[in-house]
């Protein structure tokens, strides 16, 4: 009923310009990769035919739905917000819409949502992290649905992925904290079960402590859901331990912002009385007071490149590839040497 | 292929317990609304039959996709995060999955996304605000797709809606600012075009100023996209005006948090030198320093009740209804009388 056979397709443009559909697509999306003469030939055909790379036309051209699915652990807080927004903007430039679903940090729900998105006709999926059954990948492979993993990077993986090594990213920050002289370090970690990112970050802190000859006291590690209030509660608990921690390392910026707010409420000065660190460098990190020392993750770049990889796979231009992004420690004001 | 005819349906449970399917649903989702004897009868049938209110079983029972679509203006920042998360959790308890799409504050893209979600088989939609063509509603009506509007409330509307009156919500805060003695008031507003919420909040501030005999100076009103950095930039611009504002009212908490951070950077004390107010009462509001005086919006309740309304419409239990939620001014530390 919605079919409008007069709308020109990508194939029509390719035929008129005497080039492949991949070249047309490149002219529309990655002009810099195409020669000037090809570009002008293709753009002339685009104009003559009145081709618009919008949803309907492209779906008709490729028998695709031009819809991508993403499943993220949570929609609350801004942890995935910036990366997903960049992912969406990049997808839309390529003529794809994005549908996002959240599994509320419940691994078993992810499988259900994947099947739901595939049955709704998703052309490809963005998934967060690596903690899932191999059956899920087999399911996607049988149906020919490409997927890209983001937000983490496991050694030896083969699945298309754009991410960063959470362990290697947290390591230099933990080293920095210890090298400044901190010996009693509290940790507010995300729940590690089913969350490879949280687990890797926590392990990096433990590794670094052990490497520096410090004892890892399980009593000084609190696991909690990522949330400002939970960061506050965990911080208060840690500050009642004996000996009191002189530094509290948090699994992400949201927990750290909650810890900073609670410190102020308790009359504890940051960083004079206790240092607090984060992870992610979301926009909030530089706006809390004192500004947060944290690990910068290039969320926008991750979102953009995930879109590139996924669309290349869907449009048969790409093969499995693994992109590891660099992170860096951002020194702001919430970390200093301990009081002597 | 996936069909498993032995899975019991909601109807099976209703029949076994001798009640309506609506009653079974209530027993599963809103226990407090059901008598003890009905509850025990229904739960016995649930147990005997091995009924689980999950995706497959319910979809089979009702020939629905059990998928709801939501289109929100942005995924960045946490403006819609809490309400949408509550919406999703409530939907999932009722056996529905949620797909979220963002139109990046572009009204024309919303129409495209609505069509995409409907063609993907969405049983119903959550839409934000009232600024859209009547054609969109006609499109949904022709296809029999129920929709619920949230986050705003227009006088005289008839569409099913759970929201709050943005104008009436901002009004008492503006009155409060003026009654404290502020005469030079700067405003950092969201972009009002295509955003009825931003427009109503701005109008409330203007109304209140006019009602108190103050002149509204267009030069003291800056419209910008909701973003921490934009709040910072706009605040700096406002503080260069003559006369300098003694209070800056912001269209939401994200802009206000950006303004507070910039004030600190500029060595301007809040609220001693300038008062700053927000709107929304997202989690961030109480965690910035000084804690933000703002308007509390019951985001979680809005999300939950939107889920109730929408599922009732989909399952033919409800008729169009309009739920107006109350907001309240939350006095924290960022608002005080101006220096004399």
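Protein chains in written order, with UniProt numbering: chain X, 1 to 340; chain S, 1 to 340. Virtual Cβ for every residue (Gly too), placed ideally from N, Cα, C.
If I follow the unbroken beta strand (DSSP E) through residue 223 of chain S, where does it start and stop?
Per DSSP, residue 223 of chain S belongs to the beta strand (DSSP E) from 221-223.
What does residue 257 of chain S touch in chain C if you count any residue whose Cβ is under 7 Å from its own?
Absent from the structure: chain C. Protein chains present are X and S.
Which runs of the alpha helix (DSSP H) spanning at least 4 residues fall entirely within the stretch 297-330 of chain X, listed in chain order?
299-314
Rounded to the nearest angstrom, how far is the Cβ of residue 114 of chain X from that of residue 151 of chain X, given a contact under 8 Å?
About 16 Å separates the two Cβ atoms, so there is no contact after all.
Return the chain-ordered list of same chain residues with a C-beta closer than 7 Å to the C-beta of residue 208 of chain S, the five sequence neighbours on each side being excluded.
171, 174, 175 and 178
Beta-carbon within less than 6 Å of residue 91 of chain X's beta-carbon, same chain only, minus the 5 sequence neighbours each way: which residues are those?
Same-chain partners within the cutoff: 68, 98 and 307.
For residue 150 of chain X, does the three-state DSSP call read helix, strand or coil?
strand
At 4 residues or longer, and completely inside the stretch 238-300 of chain X: list those alpha helix (DSSP H) runs for me, N to C.
253-265 and 284-287
According to DSSP, residues forming a beta bridge with residue 161 of chain X:
According to DSSP, residue 161 of chain X bridges with X:149 and X:322.
Three-way DSSP call (helix, strand, coil) for residue 195 of chain S in this model:
Look at residue 195 of chain S here: in three-state DSSP terms it is coil, with no helix or strand label.
Quick one: which chain S residues come within Cβ less than 9 Å of residue 88 of chain X?
Here the neighbours are 75, 101, 102 and 104.
With distances taken from CA atoms, which of S:79, S:11, S:122 and S:66 is nearest residue 303 of chain S?
S:79
Min CB distance residue 234 of chain X to chain S below 8 Å
At a cut-off of 8 Å between beta carbons, residue 234 of chain X makes no contact with chain S.
Give me whichever residues DSSP pairs with residue 67 of chain S in a beta bridge.
S:97
Own chain partners of residue 22 of chain S with C-beta closer than 7 Å, once the 5 adjacent residues on each side are dropped:
317
Residues in the stretch 110-122 of chain X having any Cβ partner in chain S nearer than 7 Å:
112, 113, 116, 120 and 121
Run the CB neighbour count on residue 48 of chain X, radius 10 Å, all protein chains shown included, and call it buried at 16 or more, exposed below.
Its Cβ having fewer than 16 others within 10 Å, residue 48 of chain X is exposed.
Could you tell me whether any Cβ in chain X is nearer than 8 Å to the Cβ of residue 84 of chain S?
yes
I'd like the span of the beta strand (DSSP E) that includes residue 189 of chain X, first residue to last.
185-189 is the span of the beta strand (DSSP E), which, as asked, contains residue 189 of chain X.
Could you work out which residues of chain X lie near residue 193 of chain S, taking near to mean beta carbons separated by less than 9 Å?
Per Cβ cutoff of 9 Å: no residues; residue 193 of chain S is ~20 Å from chain X at best.
Beta carbon of residue 169 of chain X nearer than 8 Å to that of residue 223 of chain X:
no
Straight-line CA distance for residue 73 of chain S to residue 329 of chain X?
32 Å
Just how far apart, CA to CA, sit residue 274 of chain X and residue 201 of chain X?
20 Å
Reduced DSSP secondary structure (H/G/I, E/B, other) of residue 83 of chain S
helix
Is there at least one Cβ from chain X nearer than 8 Å to residue 97 of chain S's Cβ?
yes
Using a Cβ-Cβ cut-off of 8 Å, state whether residue 228 of chain X counts as contacting chain S.
yes
Please list, in chain order, all residues of the same chain as residue 327 of chain S whose beta carbon is under 7 Å from its beta carbon, the five residues on each side excluded.
A distance below 7 Å between beta-carbons, with the five flanking residues on each side excluded, links residue 327 of chain S to the following residues of its chain, in chain order: 164, 169, 295, 296 and 297.
Just how far apart, CA to CA, sit residue 180 of chain S and residue 271 of chain X?
Computed Cα separation, rounded: 35 Å.
Limits of the beta strand (DSSP E) - the one that residue 180 of chain X falls within
Per DSSP, residue 180 of chain X belongs to no beta strand (DSSP E) and is neither H nor E.
If you drop the 5 nearest sequence neighbours on each side, which residues of the same chain put their C-beta closer than 7 Å to that of residue 204 of chain X?
167, 170, 171 and 174
If you drop the 5 nearest sequence neighbours on each side, which residues of the same chain put their C-beta closer than 6 Å to that of residue 102 of chain S?
72, 74 and 75
Between which two residues does the alpha helix (DSSP H) harbouring residue 335 of chain S extend?
Unbroken run through residue 335 of chain S: none, as it is neither H nor E.
What's the C-alpha gap between residue 286 of chain S and residue 332 of chain S?
8 Å
Any C-beta of chain S under 8 Å from that of residue 283 of chain X:
yes
If you measure beta-carbon to beta-carbon, which residues of the stretch 264-284 of chain S are closer than 8 Å to chain X?
264, 283 and 284
Counting only beta-carbon atoms, is residue 67 of chain S nearer than 8 Å to chain X?
yes
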